[in-house]
Amino acid sequence: MLKVFNPATGQLIQELVADTTASIHQKWDSAKLAQLDWASSPLEDRIEVFRKFRQYLVNHKERLASLLTQEVGKPISQSINEINGTVSRLDYFTEASQRLLAITTVWQDGPQGIKEQISREPLGVIANISAWNYPYFVGSNVFVPALITGNAVLYKPSELASLTGLAIAEGLYKSGLPKDVFPTILGDGRIGSELLQLKLDGVFFTGSQATGKKIAEAASKQLTKVQLELGGKDPAYASEHADVKTTAESLADGAFYNCGQSCCSVERIYVHEKIYDEFLIHFIKTVESFKIGDPNLSETYLGPLARVDQIAILENQIRDAVSKGAQILYGGRKIGALGGNFFEPTVLVHVNHSMLIMRNESFGPVIGIQKVSSDHEALQLMNDTEYGLTAAVYTTQEDQAMTLMSALNVGTVYWNCCDRVSPRLPWSGRKNSGLGLTLGDEGILTFTHTKAWHLKKSK
Ligand code: NAD
């Protein structure tokens, strides 16, 4: 059985029947058959399912957001934001798929009347092993384009977001998606690894670096396509030319939104010495304004951590930093009085790269702020990481921003903004932040094989 707990109270919400080796095989068998029919249905019919699903999300937004909040502790306003954002992503996917999946003629009148064309075909039956922190976002980035392009998807939501995973599947079935092309696989990491024993046509994973490496190893035995969207230790730089107040407010939000549990949360901040003291005043003032508590309340900004075991990781990072000379400027402890997995928003200064807090993903409401004396020093520190997901530069000087952003070894750069994902832009991580990409046009085509056509009419 799979027990689902409310991280805000520690109470059991529901017990679910987890999948077994036998049930996974049965779902895979059915998916293989169903995929053939699904792929041969008209593209317009497949897209129509997702137009209906979009409306379903709009109609059921409050109920679905509330379920997400119960299950992962995300404040209700942020759960609503996630569903609204998914609606926008659906608009992009449905519009762009029509454009991208048309056959393209790349040469019309070659020698001896030859014509050359490119078409796109689905990969087949793929697995989507997903994370809990944004189940709608990270799930839909994979299963929506995968299904539109004609694949079947064995969808394994995180064990911490299984109810939401089931709710997503129900919404899709009610929108006309055949059940067998989108079976849910429930369970923890053991069930995830069982899934990888099947003969799959692709594995699309969102989760931690440690699990991603296991997935890549297991999938390599089949030479199947593997895509990994992993963690980050995303840096931001407030330069001497930054607008100090708005920069501090923006970065506090980037560090603490969703309780710091975003792959692209700001996890390290570098501040030029000329604005450092003023920056800290505005930053702490913003953190003080965050409402912590019951995630069901609309005014709550910081809810509990979804994973109880993350608390020990944060405590260890803070202990390590303090033992090496860091100072806790704000917070620093678990909030026992609230029950559940609550942790104070925590700000550390006098930090450096010998400390875990500046090297390992925290994935919680903890931020280290380091003083720097030049752009060059900031750049070196920002790139001094095993990750490469996003990085942000704050300055009023466009030339300075462009120079710095060009030199950052990451998949996404931000100027005067952070912690932002667009359906129109590819989302990719470098180094230990992942392999492959989702979103943007390439994030649709990644679920297809290309077929090259050399066509010559006989005389
Ligand atoms: P996780 O790695 O613990 O789990 C992710 C999924 O993998 C879950 O469904 C889990 O059941 C499954 N799993 C665990 N062990 C497995 C195994 N051996 N074989 C197959 N499946 C297995 O990650 P999480 O805690 O759910 O998510 C948090 C992590 O995800 C963070 O590191 C975060 O940065 C990252 N993330 C990245 C992105 C991105 O777009 N790059 C987006 C969201 C989250």
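Residues in the sequence shown are numbered consecutively from 58, following the working numbering.
Cβ coordinates follow ideal geometry from the N, Cα and C atoms, glycine included.
No experiment lies behind these values; they were computed from the predicted model shown.
Going by C-alpha distance, which of the options is nearest residue i?
i      : options                        : result
Asp245 : Ser187, Glu297, Ser277         : Ser187
Leu446 : Tyr471, Phe340, Lys348, Lys89  : Tyr471
Glu434 : Lys488, Ser296, Gly269, Glu345 : Ser296
Leu90  : Phe107, Asp377, Lys236         : Lys236
Val404 : Gly425, Leu395, Leu234         : Gly425
Ser215 : Ala458, Leu59, Asn466          : Leu59
Asn409 : Leu492, Met459, Met439, Ser322 : Met439
Gln384 : Ala394, Met412, Val365         : Met412
Ser250 : Ala509, Lys270, Ile140         : Lys270
Ser479 : Ser490, Leu494, Gln165         : Leu494
Leu100 : Pro179, Asn466, Met462, Gln135 : Pro179
Asn190 : Leu492, Pro422, Ala363, Glu499 : Ala363
Leu285 : Phe313, Lys514, Asn466, Val199 : Val199
Val406 : Asp432, Gly396, Ile338         : Ile338
Ala309 : Arg416, Tyr387, Asp351         : Tyr387
Arg487 : Thr442, Arg477, Asp456, Glu499 : Thr442
Ala419 : Ser322, Gln427, Ala449, His511 : One detail in the question is off: residue 419 reads as Ser in this sequence, not Ala. It is Ser322.
Ile287 : Gln454, Ile140, Val61, Thr268  : The residue asked about is misnamed: residue 287 is Leu in this sequence, not Ile. If we check each option's Cα against that of Leu287, Thr268 comes out closest.
What I want to know is whether the C-beta of residue i ends up closer than 6 Å to one or more non-hydrogen atoms of the ligand NAD.
i      : result
Val129 : no
Ser265 : yes
Cys320 : yes
Val195 : yes
Ile242 : no
Asn353 : no
Glu517 : The requested residue 517 is not part of the displayed model; the chain covers only 58 to 516.
Ile186 : yes
Lys282 : no
Thr268 : yes
Lys256 : no
Asn190 : yes
Lys278 : no
Glu286 : yes
Asp245 : yes
Gly425 : no
Gly493 : no
Arg445 : Looking at the sequence shown, residue 445 is not Arg but Gly. No, the beta carbon of Gly445 sits no closer than 6 Å to any heavy atom of the ligand NAD.
Glu216 : yes
Ser485 : no
Thr250 : The displayed chain sequence assigns Ser, not Thr, to residue 250. Within the cutoff, so yes.
Lys84  : no
Lys488 : no
Lys60  : no
Lys271 : yes
According to DSSP, simplified to helix, strand and coil, what is residue i?
i      : result
Pro179 : strand
Asp573 : There is simply no residue 573 to check, as the chain begins at 58 and stops at 516 in what is shown.
Val115 : helix
Arg325 : strand
Phe110 : helix
His298 : coil
Trp85  : helix
Ala226 : helix
Phe62  : strand
Ser485 : strand
Ile186 : strand
Glu335 : helix
Lys342 : helix
Glu173 : strand
Thr304 : helix
Gly67  : coil
Gly491 : strand
Gln165 : coil
Gln284 : strand
Leu359 : strand
Lys513 : coil
7 Å is my cut-off, CB to CB: does residue i come that close to chain C?
i      : result
Leu147 : No chain C is present in this structure, which holds just one protein chain.
Cβ of residue i versus every heavy atom of the ligand PLP: is any distance shorter than 6 Å?
i      : result
Phe262 : The model on display carries the ligand NAD but not the ligand PLP.
Alpha helix (DSSP H) segments (min. 4 residues) lying fully within the region 379-458:
With a minimum length of 4 residues, the unbroken runs of alpha helix (DSSP H) contained wholly in the region 379-458 fall at 432-440.
Inter-stretch contact (C-beta, 8 Å, three-pair minimum) for the region 313-330 and the region 124-136
At 8 Å Cβ cutoff, the stretches touch.
Under 8 Å: do the region 102-117 and the region 226-240 share three or more Cβ pairs, one atom per stretch?
Yes: the two stretches touch, three or more of their Cβ pairs being nearer than 8 Å.
Segment contact flag, the region 149-159 with the region 482-493, C-beta cutoff 8 Å, min 3 pairs
Short answer: they don't touch.
State whether the region 289-305 contacts the region 270-278, with contact taken as three or more CB pairs (one from each stretch) at a distance under 8 Å.
With a cut-off of 8 Å, the region 270-278 and the region 289-305 do not count as touching, because too few Cβ pairs lie within range.
Runs of 3 residues minimum, wholly inside the region 92-163: which ones carry the beta strand (DSSP E) assignment?
Runs found: none.
Counting pairs of Cβ atoms below 8 Å between the region 167-184 and the region 255-263, do you hit three or more?
The region 167-184 makes contact with the region 255-263, as at least three CB pairs between them are under 8 Å.
Taking only runs of the beta strand (DSSP E) that begin and end inside the region 212-269, which ones reach a length of at least 3 residues, in chain order?
Those beta strand (DSSP E) runs which fall completely within the region 212-269 and span 3+ residues are 260-263.
Meets three-Cβ-pair contact criterion under 8 Å: the region 140-151 and the region 104-111:
Touching, per the Cβ criterion.
Count the C-beta pairs between the region 61-81 and the region 352-368 that are closer than 8 Å, then say yes if the count reaches three, no if not.
Touching, yes.
Below 8 Å, can you find three or more Cβ-Cβ pairs linking the region 493-513 to the region 288-295?
By the criterion of at least three beta-carbon pairs nearer than 8 Å, the region 493-513 is not in contact with the region 288-295.
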